[in-house]
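J.: In the order they appear, the protein sequences are chains A and B.
Read in numbering that gives the first Met the number 0, the first sequence has 77 at position 78, and its numbers run on one by one without any break.
Read in numbering that gives the first Met the number 0, the second sequence has 449 at position 450, and its numbers run on one by one without any break.
Pasting a structure here, questions to come.
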Amino acid sequence: MMAENYQLVEKQPGRPLAMHPQKFALWLFIVTVMMIFAAMTSAHIVRQADGNWLEYEMPQMLIVSTVIIVVSSIFLHWGYISAKRDNLGNLKIAMTLSVITGLAFFGTQYTAWGQLVDAGVYFVGNPAGSFMYVITGLHGLHLVSGVIYLIYILISSLRYKVHSKNMLNMEMCTTYWHFLGGLWIYLYIFLLLNH
Amino acid sequence: MATAEAHIDSHDHHDHEHHKGNFITNYIFCTDHKVIAKQFLITGIFWAVIGGAFSAIFRMQLGFPDADLGWLEPLLGKWITPEGKLDPEFYLALVTMHGTIMVFFVLTAGLSGTFSNFLIPLQIGARDMASGFMNMLSYWFFFLSSVIMFISLLIETGPASGGWVVYPPLSALPQAMQGSGLGMTLWLVAMVFFIVSSLLGGINYITTIINLRTKGMSMWKLPLTIWAFFLTAIIGVLSFPVLFAAALLLVFDRSFGTSFYLSEIYIQGEALPNVGGSPILYQHLFWFLGHPEVYIVLLPALGITSEIISTNSRKPIFGYKAMVISMLGITVLSFIVWAHHMFVSGLNPFLGSIFMFLTLIIAIPSAVKVFNYLTTLWRGNIVFTPAMLFSIGLVSVFISGGVTGIALGNSAIDIQLHDTYFVVAHFHLVMGSASFFGMVAGVYHWFPKMFGRMMDAKLGYVHFWITFVGVYLVFFPMHYIGIAGFPRRYYSFTNFDAFSGFTDLNAFISTAAAITFVAQFIFLFNFIYSIFRGKKAPANPWRSNTLEWTTPRNPGHGNWPGEIPAVYRWPYDYSKPGAKEDFIPQTVPFSQTMESNLPHENDEIALEKEIEEMVVDETGEHLEHGHGAH
Numbered sequence: 000m001m002a003e004n005y006q007l008v009e010k011q012p013g014r015p016l017a018m019h020p021q022k023f024a025l026w027l028f029i030v031t032v033m034m035i036f037a038a039m040t041s042a043h044i045v046r047q048a049d050g051n052w053l054e055y056e057m058p059q060m061l062i063v064s065t066v067i068i069v070v071s072s073i074f075l076h077w078g079y080i081s082a083k084r085d086n087l088g089n090l091k092i093a094m095t096l097s098v099i100t101g102l103a104f105f106g107t108q109y110t111a112w113g114q115l116v117d118a119g120v121y122f123v124g125n126p127a128g129s130f131m132y133v134i135t136g137l138h139g140l141h142l143v144s145g146v147i148y149l150i151y152i153l154i155s156s157l158r159y160k161v162h163s164k165n166m167l168n169m170e171m172c173t174t175y176w177h178f179l180g181g182l183w184i185y186l187y188i189f190l191l192l193n194h
Numbered sequence: 000m001a002t003a004e005a006h007i008d009s010h011d012h013h014d015h016e017h018h019k020g021n022f023i024t025n026y027i028f029c030t031d032h033k034v035i036a037k038q039f040l041i042t043g044i045f046w047a048v049i050g051g052a053f054s055a056i057f058r059m060q061l062g063f064p065d066a067d068l069g070w071l072e073p074l075l076g077k078w079i080t081p082e083g084k085l086d087p088e089f090y091l092a093l094v095t096m097h098g099t100i101m102v103f104f105v106l107t108a109g110l111s112g113t114f115s116n117f118l119i120p121l122q123i124g125a126r127d128m129a130s131g132f133m134n135m136l137s138y139w140f141f142f143l144s145s146v147i148m149f150i151s152l153l154i155e156t157g158p159a160s161g162g163w164v165v166y167p168p169l170s171a172l173p174q175a176m177q178g179s180g181l182g183m184t185l186w187l188v189a190m191v192f193f194i195v196s197s198l199l200g201g202i203n204y205i206t207t208i209i210n211l212r213t214k215g216m217s218m219w220k221l222p223l224t225i226w227a228f229f230l231t232a233i234i235g236v237l238s239f240p241v242l243f244a245a246a247l248l249l250v251f252d253r254s255f256g257t258s259f260y261l262s263e264i265y266i267q268g269e270a271l272p273n274v275g276g277s278p279i280l281y282q283h284l285f286w287f288l289g290h291p292e293v294y295i296v297l298l299p300a301l302g303i304t305s306e307i308i309s310t311n312s313r314k315p316i317f318g319y320k321a322m323v324i325s326m327l328g329i330t331v332l333s334f335i336v337w338a339h340h341m342f343v344s345g346l347n348p349f350l351g352s353i354f355m356f357l358t359l360i361i362a363i364p365s366a367v368k369v370f371n372y373l374t375t376l377w378r379g380n381i382v383f384t385p386a387m388l389f390s391i392g393l394v395s396v397f398i399s400g401g402v403t404g405i406a407l408g409n410s411a412i413d414i415q416l417h418d419t420y421f422v423v424a425h426f427h428l429v430m431g432s433a434s435f436f437g438m439v440a441g442v443y444h445w446f447p448k449m450f451g452r453m454m455d456a457k458l459g460y461v462h463f464w465i466t467f468v469g470v471y472l473v474f475f476p477m478h479y480i481g482i483a484g485f486p487r488r489y490y491s492f493t494n495f496d497a498f499s500g501f502t503d504l505n506a507f508i509s510t511a512a513a514i515t516f517v518a519q520f521i522f523l524f525n526f527i528y529s530i531f532r533g534k535k536a537p538a539n540p541w542r543s544n545t546l547e548w549t550t551p552r553n554p555g556h557g558n559w560p561g562e563i564p565a566v567y568r569w570p571y572d573y574s575k576p577g578a579k580e581d582f583i584p585q586t587v588p589f590s591q592t593m594e595s596n597l598p599h600e601n602d603e604i605a606l607e608k609e610i611e612e613m614v615v616d617e618t619g620e621h622l623e624h625g626h627g628a629h
């Protein structure tokens, strides 16, 4: 009954939004990660306002972590620009460096946890310390996924699969990694002001 | 299902989109959104039977406390005491699991999972979801979550028992009650997988609606179902991560000894080491999800209702934009009213007033929606299909449940009525029954598209009238019990003199509940029977405008043989003055309906050329077939 009403057209529909669906989905995923940390940091604030809060020194190592993750983001961005310009030699160097700095971040975070333990701040005990571990730990867990993504891009770039004609994964990885770096800076400043 | 699916290949010669696969790739690990939708639906129905049976069992305890329940022993084993009574701890497990199952597994996964998956690609004109693989993962995470939750029903210490909200400290201390042990652990693990499933689904729904609409399908031409699913998915993506955070901290408290929610607790005279936590913190985190969850459950039902009421009134939906804007309003407001669940938690009364004010504002968009349903029905040529009856039923229970919401939203009244049966009555009408009606209406309405066959209408009418009357008989009297002050979740009414006067009323409610529950098997029979033996459905059984009815009777993977149709008009051109038929599908350009065009629509004819010229590559697409449906 409806077939007569069909409007026959030669070409296929246009995508109403220019953004690639996978990229868009990545941004939505980033929103969910933001909501988890929004929940954690608000819980931190609400709990802190209740009093009975352990005051402790922020581990010095966290400054190093912060610098490392910023540097890692810069390396990755260098890689991104190199890929866009088809400078594949630089891309490989940049990807290797960002993977190394990404892994180094785990090292400094782990050392920071050690410094916390030395200062007598434990996971089990006053919620002040517990929050510190949960927030940094949860960020670390997301960073694991980020580093895996970086390694994936590194391998693809060694196989010459990342170049100006094939940027989707590179762009998504850059977005995600910059987000995780930005998230850390937010968390660091938050903890610095509220610990 | 197998016979129905096999049918396509013999019947539809143009179905080159349908890739033949084996049973496993076609029905189990399938990336086709329609199959995934059916998987969600059937799993949801499975859970609905269990959740409903639980309520029937605990209603028996409440209505007939002296009855001998020994006959349930083969089913419940040691949960029936030697005296033939229901074990009190198991009673608590039953109410907890009834809530958990109904809210999450039936009305979130079963409703959103089914209809978002099924209708989004079909109604916006897409081949499938943005990521079919993620969509498949979404179902299988839900399945995993279901399996874990189901196992928790069978373990020796019983499932979680601290209420579906699992407030600490009850839920945080394994020694607090039997159900707080392994049952609670499994509950949390199952919910983590459930959250993953919801997020995968939600991200996919939003991306698909934003990115994959067919040409001409602007946001303002979307059917209201799609708007509802879209906003539901946004709510889910924003609120489920917060539940995840709450659950994570609870896991740490339970298993690692932290004190996020625990402070200064004595158990059997002995102090626990936990100091410095706050159980109220959990309530804040939980209700930041918990309240939006109400709308995750409700909005899809409202969207389905809009579509069905407009189609079966043969009238355009009244106030399309007002409908969208009120849903948007509900979406925004749903995030800033959570503390109205916490008026008795020692909340600052000033803060309470703010949350009260915001809560009462929700009455406005809700009332707009109700008004628009009624004005759509007003003087329409109403076709009373079973789906239409359930949609009208939804409007009815939404009104009667919503009115008490205005009362409960006031902190002064809420403090009196908090945790009484008044609250139970309120949310079972406005959220539980309304969403359930929407879900059932959706099944009746889209069954022909899902399975290519019709459900039996007469059985549908019987199902509707028993359910509709039954729901009121169950929940209306509960208001009185609640006003009298009887608290929810209590094992027995008869232990207190003040409430023994309600024994008859409770017996009445329980009887009505049992009848209503049994009546659902009419639906179940109708559903299963019609899948295999139902009358074959015509292409457009309800004479509806939306795109899904332009697909073949049993659409293959890819939905449309040949090109996806373009869209020229909104979905609600019913009974348009001057038109030949009383409906004009969205695929009919204005240039073909000169007799019924409004002046501003004549201007849009010039734009049709543009719509037709839109290009985008859809790789792997064949163009040799001109015609869509047969």
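No residue lacks a Cβ here, since even glycine has one placed at the ideal position from N, Cα and C.
Per DSSP, which residues does proline 486/B bridge with? Please list them.
T.: Looking at the DSSP assignment, proline 486/B forms a beta bridge with Thr419/B.
J.: From Met216/B, Thr310/B, Gly162/B and Ser111/B, pick the residue whose C-alpha is nearest to that of glutamate 292/B; which is it?
T.: Here the closest residue by C-alpha is Ser111/B.
J.: Hey, does phenylalanine 582/B have any beta-carbon neighbour from chain A nearer than 7 Å?
T.: Answer no: the Cβ-Cβ gap between phenylalanine 582/B and chain A never drops below 7 Å.
J.: Isoleucine 295/B and threonine 107/B - do their beta-carbons sit closer together than 7 Å?
T.: Closer than 7 Å, so yes.
J.: Would you check if the distance between the CB atom of leucine 153/A and the CB atom of valine 98/A is smaller than 7 Å?
T.: Contact flag set, yes.
J.: Does tyrosine 55/A have its Cβ less than 7 Å from a Cβ in chain B?
T.: It does not; no Cβ of chain B falls within 7 Å.
J.: Are the C-beta atoms of methionine 34/A and some chain B residue less than 7 Å apart?
T.: Yes, methionine 34/A lies at the interface with chain B (some Cβ there is under 7 Å from its Cβ).
J.: In whole angstroms, what is the alpha-carbon distance linking threonine 231/B and isoleucine 44/B?
T.: Approximately 21 Å between the Cα atoms of the pair.
J.: Near glutamate 603/B, what residues of its chain come up, given a Cβ to Cβ distance below 6 Å and the 5 sequence neighbours on each side ignored?
T.: Cβ within range, chain order: Phe589.
J.: Output needed in chain order: residues of the segment 36-50 of chain A with a Cβ under 7 Å from some Cβ in chain B.
T.: If the cut-off is 7 Å between Cβ atoms, the segment 36-50 of chain A has Ala38, Met39, Ala42, Val45, Arg46 and Asp49 near chain B.
J.: Below 7 Å between beta carbons: does that hold for isoleucine 147/B and alanine 189/B?
T.: A contact, by the Cβ cut-off of 7 Å.
J.: Quick check: the segment 310-330 of chain B against the segment 377-390 of chain B, are at least 3 beta-carbon pairs closer than 8 Å?
T.: Flag = yes, the segment 377-390 of chain B and the segment 310-330 of chain B touch.
J.: Could you list the residues in the segment 259-285 of chain B with a C-beta less than 7 Å from some C-beta on chain A, going in chain order?
T.: Against chain A - using a Cβ distance shorter than 7 Å - the residues of the segment 259-285 of chain B are Phe259, Gly275, Gly276, Ser277, Leu280, His283 and Leu284.
J.: From glycine 62/B to glutamine 21/A, what distance separates their C-alpha atoms?
T.: Using only the alpha carbons, I get a separation of about 54 Å.
J.: So, does the CB of glycine 451/B fall closer than 7 Å to a CB anywhere in chain C?
T.: Within the model displayed, chain C is absent; protein chains A and B are what it includes.
J.: So is isoleucine 202/B in contact with chain A if we call contact Cβ pairs under 7 Å?
T.: Yes, contact with chain A.
J.: Strictly below 8 Å CB to CB, what residues from chain A border serine 130/B?
T.: By Cβ distance, chain A contributes Pro20, Gln21 and Ala24.
J.: Between valine 123/A and chain B, is there a C-beta pair that is closer than 7 Å?
T.: Taking Cβ atoms only, chain B reaches closer than 7 Å to valine 123/A, which makes this a yes.
J.: Measure the alpha-carbon distance for valine 66/A versus tyrosine 55/A and round it to whole angstroms.
T.: In a straight line, the C-alpha of valine 66/A is about 22 Å away from that of tyrosine 55/A.
J.: Would you list, in chain order, the members of the segment 232-250 of chain B that have their beta-carbon closer than 8 Å to a beta-carbon of chain A?
T.: Those would be Val236, Leu237, Ser238, Phe239, Pro240, Val241, Phe243, Ala244, Ala245, Leu247 and Leu248, in chain order.
J.: Looking only at its own chain, which residues have a Cβ that is under 6 Å from the Cβ of proline 12/A, when we skip the five neighbours before and after it?
T.: Because proline 12/A carries a pLDDT of 44, less than 50, the predicted location of this residue cannot be relied on, and no value is offered for it.
J.: How about leucine 288/B and valine 241/B: do their beta carbons lie closer than 7 Å?
T.: The answer is yes: Cβ separation under 7 Å.
J.: Would you kindly check if the distance between the Cβ of leucine 388/B and the Cβ of phenylalanine 463/B is under 7 Å?
T.: Cβ atoms of phenylalanine 463/B and leucine 388/B: closer than 7 Å.
J.: What does DSSP give as the partner residues of isoleucine 508/B in its beta bridges?
T.: Its beta-bridge partners do not exist; DSSP assigns none.
J.: Can you give the Cα-Cα distance for glycine 318/B and glutamate 600/B, rounded to whole angstroms?
T.: If I take the Cα positions, the gap works out to 18 Å.
J.: Leucine 221/B versus chain A: which residues are under 7 Å apart at the beta carbon?
T.: Within chain A, no residue comes near leucine 221/B; the closest Cβ sits about 11 Å away, beyond 7 Å.
J.: For the alpha helix (DSSP H) that asparagine 21/B lies in, which residues bound it at each end?
T.: Here asparagine 21/B belongs to no alpha helix (DSSP H), and DSSP marks it neither H nor E.
J.: Counting contacts by CB-CB distance shorter than 7 Å, is isoleucine 205/B in contact with chain A?
T.: It does: the Cβ of isoleucine 205/B has a partner Cβ on chain A nearer than 7 Å.
J.: Under 7 Å, Cβ to Cβ, is there at least one residue of chain A near threonine 257/B?
T.: So yes, threonine 257/B belongs to the interface.
J.: Look up leucine 85/B in the DSSP assignment and give the residues it is bridged to.
T.: Note: leucine 85/B sits in a beta bridge opposite Ile79/B.
J.: I need the DSSP call for isoleucine 202/B, collapsed to helix, strand or coil.
T.: Helix at isoleucine 202/B.
J.: Can you list the residues of chain B that serine 116/A reaches, using a CB-CB cut of under 9 Å?
T.: One detail in the question is off: residue 116/A reads as valine in this sequence, not serine. Simply none; closest approach about 15 Å.
J.: Please confirm whether leucine 27/A has its beta-carbon closer than 7 Å to some beta-carbon of chain B.
T.: It does; some Cβ of chain B falls within 7 Å.
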